[in-house]
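Residue numbers (the numbering used here): 3 to 506. Glycine included, each C-beta is placed from N, C-alpha and C at the ideal position. Here the structure is a predicted model, which means the values were calculated and not measured. Here's the structure we're looking at; comments come further down.
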């Protein structure tokens with residue numbers, strides 16, 4: 003089964019849920035290796051390939067057709083009256099709003115119901131992205147905040163030729179292709195990083211499909227049961243050498259977030275997740291380890307639940323001693339499960355770091371995550387020339403002249419900054435954009451100030467933590483597990499009010 007079809011009244015048993023994953027995006031050709039004979043299907047045609055290395059080279063590529071939705075608002079189940087009134091108000095203004103349902107309705111074999119559906123209002127749909135972005139800008143004047151999502155409405159096409167075993171096949175195969183094999187497939191030279199691009203080979207369970215995407219790239223997909231998927235997620239997100247209770251906590255948290263995100267962000271594009279950190283890292287079959295497999299098996303089916311739905315139990319490497327509110331990092335309403343809180347070993351009623359961030363970063367208080375020697379506290383210094391090069395890769399401001407810090411979240415993480423240069427200025431309003439502007443800062447829990455009090459000499463970045471800081475702190479989980487805390491106590495610390503339930 004797949005989980006990307008538009009959810010309606012049909013329910014999914016969490017024990018049988020599968021995720022459709024985009025494993026790779028490649029240019030012009032896909033190279034695979036197998037240790038057993040494989041079958042390639044193209045329409046009704048079937049081709050057999052011996053074990054070995056095979057390259058599928060594409061020609062005559064026509065990208066997948068897409069359209070662009072502009073979404074100004076979402077509604078939850080139970081908010082149908084408010085939703086319908088919202089639709090009516092926009093219809094009265096001449097728009098043609100439609101409802102797109104994201105997320106899944108789950109029903110366990112024992113009758114437990116978890117509803118993770120959301121109703122997104124698609125205000126208008128366009129063939130060109132520029133038109134969609136123009137409406138987003140127009141709505142800002144009202145002010146209405148809106149965002150754009152891509153929908154794939156027609157598959158891309160191409161013709162494949164096959165090269166391998168020292169020869170090239172004369173047969174021509176039309177996209178999409180389906181590859182089946184009793185042994186795993188090794189896909190060669192795929193992207194292995196989100197922050198820093200590098201190439202890796204990954205081992206994946208078949209069947210695989212090779213399709214043409216909207217940019218004319220070749221996309222490799224596969225579907226996995228959630229428990230199988232987790233066996234490659236947990237070791238990719240947390241070192242297998244860490245305490246077992248931390249690994250169990252990671253398994254529960256990742257499982258919860260997977261359930262909550264199925265048929266979500268990428269549903270209109272026909273899949274659930276990528277294999278990169280922007281969703282969650284997936285190491286493939288070769289990433290499985292005995293210890294992380296043990297953690298997944300010991301917590302099989304266990305997930306975090308709040309108000310009859312699976313929670314989006316996100317996580318990051320090191321919170322720097324204090325986690326952050328979700329709305330200060332991403333767009334969206336406050337989530338009661340994702341509140342910024344202290345990660346100190348001894349809780350107190352002291353003020354949050356935002357009240358005195360300089361003192362907080364200088365004092366390095368004893369937190370569960372303070373064992374992260376390189377990430378708990380860090381410092382970087384860049385010249386104006388270095389900063390100018392970094393910033394202008396994304397924002398054309400010219401030679402950098404000033405950096406002005408804006409508002410901060412409860413943990414002290416920057417919510418906005420303004421960067422000024424000889425050619426203009428730009429204001430960045432989200433944590434990820436701030437970190438990316440300066441070459442990938444470890445965290446937005448940072449003080450940015452002129453080096454030696456002189457901006458001409460460059461800037462110093464004094465910070466704490468690694469990652470966005472929302473949800474579970476992985477190094478904090480490690481610290482608690484090392485101190486004898488069990489996985490249920492660990493997840494309860496970071497997701498207060500949620501219950502751990504076994505769904506199968």
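Measuring alpha carbon to alpha carbon, tell me which of the options ends up nearest residue i.
| i | options | result |
| --- | --- | --- |
| residue 343 | 321, 329, 332, 333 | 321 |
| residue 410 | 447, 209, 388, 238 | 447 |
| residue 436 | 376, 229, 209, 469 | 469 |
| residue 200 | 479, 208, 191 | 191 |
| residue 267 | 106, 420, 233 | 106 |
| residue 132 | 152, 119, 118, 114 | 152 |
| residue 110 | 95, 16, 424 | 16 |
| residue 188 | 237, 26, 157, 423 | 26 |
| residue 337 | 154, 326, 417, 347 | 326 |
| residue 283 | 324, 356, 24 | 24 |
| residue 50 | 304, 123, 42 | 42 |
| residue 428 | 18, 85, 403 | 403 |
| residue 138 | 493, 261, 193, 75 | 75 |
| residue 140 | 121, 72, 291 | 72 |
| residue 57 | 220, 488, 232, 122 | 220 |
| residue 386 | 399, 14, 497 | 399 |
| residue 289 | 335, 271, 237 | 237 |
| residue 359 | 466, 493, 178, 349 | 466 |
| residue 39 | 502, 97, 185, 100 | 185 |
| residue 306 | 501, 55, 364, 121 | 501 |
| residue 434 | 464, 457, 472, 423 | 472 |
Assign residue i to one of three DSSP states: helix, strand, or coil.
| i | result |
| --- | --- |
| residue 21 | strand |
| residue 339 | coil |
| residue 507 | Past the edges of the chain, shown from 3 to 506, lies residue 507, and the structure says nothing about it. |
| residue 520 | Here the chain comprises residues numbered 3 to 506, so residue 520 is not present and cannot be evaluated. |
| residue 203 | strand |
| residue 34 | strand |
| residue 231 | helix |
| residue 385 | coil |
| residue 214 | strand |
| residue 313 | coil |
| residue 29 | coil |
| residue 486 | coil |
| residue 277 | coil |
| residue 267 | coil |
| residue 469 | coil |
| residue 357 | helix |
| residue 365 | helix |
| residue 503 | strand |
| residue 289 | helix |
| residue 261 | helix |
| residue 498 | coil |
| residue 325 | coil |
| residue 48 | strand |
| residue 41 | strand |
| residue 305 | strand |
| residue 331 | coil |
| residue 7 | For residue 7, the pLDDT reaches just 39, beneath the cut-off of 50, and the residue's location in the model is therefore unreliable, although a value from the coordinates is still provided. Coil at residue 7, not helix or strand. |
| residue 251 | helix |
Mark residue i as exposed unless 16 or more other C-beta atoms lie within 10 angstroms of its C-beta, in which case mark it buried.
| i | result |
| --- | --- |
| residue 5 | Note that residue 5 scores a pLDDT of 40, beneath 50, so its modelled location is shaky and nothing firm can be said. |
| residue 7 | Note that residue 7 scores 39 on pLDDT, short of 50, meaning its location in the model is unreliable; the coordinates nonetheless yield the value given after this. Classification for residue 7: exposed. |
| residue 476 | buried |
| residue 499 | exposed |
| residue 408 | exposed |
| residue 396 | exposed |
| residue 252 | buried |
| residue 9 | Bear in mind that the predicted position of residue 9 carries a pLDDT of just 44, short of 50, making it too unreliable to give a figure here. |
| residue 368 | exposed |
| residue 286 | buried |
| residue 256 | buried |
| residue 292 | exposed |
| residue 366 | exposed |
| residue 36 | buried |
| residue 486 | exposed |
| residue 169 | exposed |
| residue 280 | exposed |
| residue 508 | For residue 508 there is no data in the structure shown, the boundaries of the chain being 3 and 506. |
| residue 3 | Here the model assigns residue 3 a pLDDT of 35, short of 50, so the residue's position is not dependable and the matter cannot be decided. |
Could you check how far apart the C-beta atoms of residue i and residue j are, in whole angstroms? I think they sit under 8 Å.
| i | j | result |
| --- | --- | --- |
| residue 300 | residue 258 | Contact doesn't hold; Cβ gap of about 16 Å is too wide. |
| residue 223 | residue 210 | 7 Å |
| residue 1 | residue 125 | Limits of the chain in this structure are 3 at one end and 506 at the other, which puts residue 1 out of reach. |
| residue 104 | residue 265 | 6 Å |
| residue 161 | residue 62 | 5 Å |
* Inside the segment 125-199 only - beta strand (DSSP E) runs reaching at least 3 residues -> Whole beta strand (DSSP E) segments, 3+ residues: 126-128, 149-156, 159-166, 179-183, 187-193.
* **Complete runs of the beta strand (DSSP E) confined to the segment 391-460 [at least 3 residues]** => Segments of the beta strand (DSSP E) lying fully in the segment 391-460: 402-407, 419-423, 426-430, 448-452.
* Residue ranges of each alpha helix (DSSP H) within the segment 70-130, 4 or longer -> Counting whole runs of 4 or more residues, the segment 70-130 contains the alpha helix (DSSP H) stretches 82-93.
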